[in-house]
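For reference, the structure discussed in these notes is given below.
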Amino acid sequence: MTFARQYEQALTVKAASNQDALPPQYFAGRFYELLDSTACCLPTVLSGGSIELSVPCTLHFTPLDCRMLLYTQKGSGTLEVRGASHILQADSLLYLNCQDSAFTLSPAQPSWDFICFSLGGGLFNVYESFVPFKSFIQAKLDVFSPILRDLKKLQAGSGAAVLSNKLQDASLLTSIVTQLFITAYGLQADLIKCAPYLQDLKHLLDNRFWEPFRLNDLEVRYHMSKYRICHEFSDTFGAPPLKYLNKRRLEAAVNLLFTTDKKIHEIALMVGYENTNHFINLFKKEYGTTPHAYKEAHQL
Numbered sequence: 002m003t004f005a006r007q008y009e010q011a012l013t014v015k016a017a018s019n020q021d022a023l024p025p026q027y028f029a030g031r032f033y034e035l036l037d038s039t040a041c042c043l044p045t046v047l048s049g050g051s052i053e054l055s056v057p058c059t060l061h062f063t064p065l066d067c068r069m070l071l072y073t074q075k076g077s078g079t080l081e082v083r084g085a086s087h088i089l090q091a092d093s094l095l096y097l098n099c100q101d102s103a104f105t106l107s108p109a110q111p112s113w114d115f116i117c118f119s120l121g122g123g124l125f126n127v128y129e130s131f132v133p134f135k136s137f138i139q140a141k142l143d144v145f146s147p148i149l150r151d152l153k154k155l156q157a158g159s160g161a162a163v164l165s166n167k168l169q170d171a172s173l174l175t176s177i178v179t180q181l182f183i184t185a186y187g188l189q190a191d192l193i194k195c196a197p198y199l200q201d202l203k204h205l206l207d208n209r210f211w212e213p214f215r216l217n218d219l220e221v222r223y224h225m226s227k228y229r230i231c232h233e234f235s236d237t238f239g240a241p242p243l244k245y246l247n248k249r250r251l252e253a254a255v256n257l258l259f260t261t262d263k264k265i266h267e268i269a270l271m272v273g274y275e276n277t278n279h280f281i282n283l284f285k286k287e288y289g290t291t292p293h294a295y296k297e298a299h300q301l
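Quick note: to get my numbering, add 1 to the position in the sequence shown (first position is 1).
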């Protein structure tokens with residue numbers, strides 16, 4: 002039985018009494034063509050697309066042989082599973098094992114706009130076995146998140162049964178699920194053994210990179226010379242603080258290029274550069290081309 006047929010049988014749509022129910026296929030987006038050689042062993046998109054609900058309705062799913070990724074773009078929704086209700090807020094990503102039990106999705110606001118993918122193939126049960134997973138996980142994504150960038154790339158991909166498409170999808174899904182589990186379960190790499198102030202500085206640059214930083218300010222903050230700070234930070238993390246900061250900002254800028262429609266000068270400001278030309282020159286030095294050309298070259 003095709004996945005499209007399984008999906009239609011698993012979903013019952015109930016709309017308000019004075020409205021016609023939308024067909025089950027509407028909520029699946031498009032059904033992807035599958036390759037027999039990859040469908041069972043690689044992470045695979047079975048269906049997906051952008052869905053907008055502007056009418057009251059309830060989606061009842063019986064257990065379905067897939068996982069689901071659901072990213073809420075606007076509004077909010079509700080997931081009911083195993084007798085409990087959970088709000089799916091804007092900018093949050095849901096990962097759900099649809100095999101575990103029946104579940105229900107419904108808008109929590111008059112309008113709910115989300116991206117949804119049904120997933121099959123390998124990988125997922127392995128990830129779930131590593132952590133105390135119970136049916137689903139949910140994580141809030143900020144505008145700089147690489148998960149959001151990869152979701153947008155996945156959405157822009159082709160559903161045709163071509164090996165390059167399936168390998169690209171598998172790569173993106175592996176990245177998304179890996180980062181999602183790290184984020185949701187607070188999994189962190191072993192901390193490098195170093196002075197506590199260096200860990201504090203790295204955390205500062207990683208999480209507040211858009212703020213202005215000067216070496217003189219770091220001298221005051223850590224009560225030591227900027228030369229010592231630069232030397233010890235570089236020895237520990239491979240680059241002096243301001244060079245590390247620029248790299249972190251440019252990584253965030255790349256994410257914004259693919260997840261927003263903002264202008265280059267707006268992105269520059271968001272990641273901490275008031276001078277757009279300076280931002281473009283740094284970007285060219287790091288990636289070999291301008292932000293606009295980089296985006297065009299890497300879009301699917």
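We put the CB at the ideal spot given by N, CA and C, even for glycine.
Asked	Found
Under a three-way DSSP split, which group does residue 224 fall into?	coil
Which complete alpha helix (DSSP H) runs does the segment 215-286 hold, if anything under 4 residues is left out?	216-223, 227-238, 242-260, 265-272
Just the C-alpha distance for residue 237 and residue 149, rounded to the nearest angstrom, thanks.	30 Å
Entirely within the segment 10-67 and at least 3 residues each: give me those beta strand (DSSP E) ranges in chain order.	12-16, 45-54, 58-62
Can you tell which of 86, 141, 14 has the C-alpha that lies nearest to the C-alpha of residue 180?	141
What does a CB cutoff of less than 7 Å around residue 285 pick up in its chain, not counting 5 residues either side in sequence?	291
Quick one: what does DSSP say residue 108 is sitting in, helix, strand or coil?	strand
With DSSP as the reference, label residue 297 as helix, strand or coil.	helix
Is it buried or exposed for residue 257, if we count other Cβ within 10 angstroms and need 16 for buried?	buried
For residue 302, count the other beta carbons within 10 Å of its own beta carbon; 16 or more makes it buried, fewer makes it exposed. Which is it?	Residue 302 lies beyond the range of the chain shown here (2 to 301); nothing can be said about it.
Going by C-alpha distance, which of 147, 152, 202 is nearest residue 255?	147
Touch check for the segment 91-108 and the segment 67-81: three-plus C-beta pairs under 8 Å?	yes
For the candidate residues 101, 66, 67, 138, whose alpha-carbon lies nearest to that of residue 83?	101
Going along the chain, which residues of its own chain have a beta-carbon closer than 7 Å to the beta-carbon of residue 3, five neighbours each way excluded?	none
Considering only the beta carbon of each residue, do residue 207 and residue 250 sit closer than 8 Å?	no
Which ranges does the beta strand (DSSP E) cover as unbroken runs of at least 3 residues, wholly within the segment 112-143, from first to last along the chain?	113-121, 137-141
To the nearest angstrom, how far is the alpha carbon of residue 239 from that of residue 230?	13 Å
Less than 8 Å between the beta carbons of residue 52 and residue 78, yes or no?	no
Using 10 angstroms around the beta-carbon of residue 264, count the other beta-carbons present and answer buried if the total reaches 16, otherwise exposed.	exposed
On the premise that residue 35 lies in contact with residue 171, defined as a C-beta separation below 8 Å, what is that separation, rounded to the nearest angstrom?	That belief does not hold up - the Cβ atoms of residue 171 and residue 35 are roughly 12 Å apart, past 8 Å.
Terminal residues of the continuous beta strand (DSSP E) containing residue 80?	78-82
Exposed or buried, residue 99, counting other C-beta atoms within 10 Å across all chains shown (16 or more means buried)?	buried
Alpha helix (DSSP H) containing residue 165: first to last residue?	164-185
With distances taken Cα to Cα, identify the nearest neighbour of residue 121 among 130, 156, 47.	47
Does DSSP put residue 75 in a helix, in a strand, or in coil?	strand
Residue range of the alpha helix (DSSP H) that residue 193 falls in?	Residue 193 -> no alpha helix (DSSP H), and no H or E assigned at all.
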